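**Student:**
In this note's numbering, the protein residues as written are 887 to 1289.
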């Protein structure tokens, strides 16, 4: 593939994977504002995040088989149109309950981008190349959490929270145009799967029966869930507990995303010398240790403001090593069921994240302990699962980066 065409493809696929973080992170600075606008408590407002995670998880199970049957582009036409309409609805809503429902629909529209991007990488690249490509995508993906809260904070100050959703609708419309005219179809007709319910369920059952896939998918699910616990709880911890201005919160949030990008870049280089499994083990051990220290801080307050900033940075940045490698290991060998496998991978990730977001919201007590405790639990759970499930299947599954 020509270098310029490769760069264009990665940029577009990265934009499609960014719908999730953009839709979440851009309006995070507005969460405390929504409490006042709708007269709702913090836990109720956080349900707008939990509903988004739920829609993102459920929607992926729909798009995976559809993408295997009809190709990669056609499902994107429908999903991006839904995203644009739901975003406009969020901008116009008059109640917190309607916003929660519209956020669910917005997520169903947003989730196809990640499913289909992962499947397209599997369509186009050999197994030994996929982790490097996923790392590159994660670097593009990581720009969204840097820019989104910064933009969201400034838009909130200048134009109010509704303008955030109008901007998301505009972004969705631009991506829809780019998909129509610039994205190639990578799933040829001879490779397309049946869409019969029995066949779809059979494909899902077969994929879930693969211990390696399930192990890596659940491992990355808990790693992602820890990050989403931070996303859910951080606006209230920083803006309310530490009295951080919304625009400064955007810079803190963006610095963590920058750490994710840098780690992804380092991961590309490490893959030239080490196996994916080895990198994952080391990164998860580091993440679990940082999470436990973070929980100690959440309970005792030791170290103050900068301690929690630094430990959260460590937890989030470590996912730059965990996510691309676990994704590549889970997707290895999926072949013509890449869409269904990608859907299951995303569903497990965001299904766990939805539960975690709900737990953080329900456990809110005016301290950092709920957020930090959940992050610590997720880090330890990911490390444990990787050791007892994914590692035990190494003899039955080939590492796409082993030599």
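Glycine included, every Cβ here is placed at the ideal spot set by N, Cα and C. Just so it is clear, the structure is predicted and the values come from calculations on it, not from any experiment.
#1: Cβ atoms of residue 935 and residue 1118: under 8 Å apart, would you say?
#2: Roughly how far, in whole angstroms, is the beta-carbon of residue 950 from the beta-carbon of residue 1001, given that I think they are within contact range, below 8 Å?
#3: Quick one: grab the DSSP three-state call for residue 1131.
#4: Do residue 1103 and residue 1023 have their C-beta atoms closer together than 8 Å?
#5: Could you tell me the alpha carbon to alpha carbon distance between residue 1283 and residue 1098, rounded to whole angstroms?
#6: Counting along the chain, where does the alpha helix (DSSP H) carrying residue 941 start and finish?
#7: What does a CB cutoff of less than 7 Å around residue 1032 pick up in its chain, not counting 5 residues either side in sequence?
#8: Tell me the residue span of the alpha helix (DSSP H) that contains residue 1048.
#9: Look at the Cβ atom of residue 1049, then the Cβ atom of residue 1205, and state whether they are nearer than 8 Å.
#10: Quick one: Cα of residue 1015 to Cα of residue 1210, how far?
#11: Using only CA atoms, which one of 994, 1147, 986 and 959 lies nearest to residue 970?
#12: Since residue 1377 and residue 1199 should fall inside the 8 Å C-beta cutoff, what is the C-beta to C-beta distance between them, to a whole number of angstroms?
#13: Can you tell me where the alpha helix (DSSP H) holding residue 962 begins and where it ends?
#14: Within 8 Å, do at least three Cβ pairs link the region 895-906 to the region 998-1012?
#15: Select from 1011, 1216 and 1038 the residue whose C-alpha is nearest the C-alpha of residue 912.
#16: Which same chain residues, not among the five before or five after residue 1193, have their C-beta less than 7 Å away from its C-beta?
#17: Tell me whether residue 918 sits in a helix, a strand or coil according to DSSP, three-state version.
#18: Looking at the unbroken alpha helix (DSSP H) that takes in residue 903, where does it start and where does it end?
#19: Consider the Cβ of residue 946: report whether some Cβ of chain D lies at a distance smaller than 8 Å.
#20: Is it right to say residue 1122 is buried, meaning 16 or more other beta carbons lie within 10 angstroms of its own, or is it exposed?
#21: Which of the three DSSP states, helix, strand or coil, is assigned to residue 862?
**Tutor:** Reading from the atomic positions:
#1: Yes, Cβ-Cβ distance for residue 1118 and residue 935 is below 8 Å.
#2: Rounded, the Cβ-Cβ distance is 6 Å, consistent with contact.
#3: Residue 1131 carries a coil assignment under DSSP once its states are collapsed to helix, strand and coil.
#4: Taking 8 Å as the cut-off, the Cβ atoms of residue 1103 and residue 1023 do not count as close.
#5: Per-residue confidence for residue 1283 stands at a pLDDT of 47, beneath the threshold of 50, marking its modelled position as unreliable; no derived number is given.
#6: 928-956
#7: 1140, 1143 and 1144
#8: 1048-1068
#9: no
#10: Cα to Cα, the separation comes out at about 11 Å.
#11: Ranked by Cα distance from residue 970, the first of 994, 1147, 986 and 959 is 994.
#12: Because the chain here runs from 887 to 1289, residue 1377 falls outside it and cannot be looked at.
#13: 959-978
#14: yes
#15: 1038
#16: 1183
#17: helix
#18: 889-903
#19: As a matter of chain content, chain D is missing from the structure shown, which is built from one protein chain.
#20: buried
#21: As displayed, the chain neither begins before 887 nor continues past 1289, which places residue 862 out of reach and without an answer.
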